[in-house]
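These notes are about the structure you will find just below.
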Amino acid sequence: MFESDAVLVRVKCVEEYNQSLVVAHKFQMRHLIWAAKREISIRYREILNAIKDKLVAKGREATTDIELQEVAKNLGILEVLHSGRLMLKWKWPS
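Everything in the sequence shown is counted per our numbering, starting at 9 for the first residue and increasing by one.
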């Protein structure tokens, strides 16, 4: 009888140890998953910031291109006016 009790106690201890390993493994897995999600989030944020910076730069570039086109048109009009090729008809208000 005594040996069977010792064996049962030993089996119980092994089961508890295995259970503690399972709990520790689950905790470790949750921590690893959390760390991986955090790393993915950081990388994703870096990518989004890079894309945003590129879009902002492209927007500034597009705005600059539009302004440059307007300036070029205005310069063309000024050249035509200055050369005398365009005559403006002006009526004085009565």
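Glycine included, C-beta positions come from ideal geometry on N, C-alpha and C. If you're wondering where the values come from, they're calculated on a predicted model, not measured in any experiment.
Would you say D13 lies against chain B (beta-carbon separation less than 8 Å)? Although the question refers to chain B, the structure presented lacks it and comprises just one protein chain.
Through-space distance from A44 to Y25, alpha-carbon basis: 28 Å
Would you identify the three-state DSSP class for W42, choosing helix, strand or coil? helix
Alpha carbon of A14 to alpha carbon of K34, nearest angstrom: 30 Å
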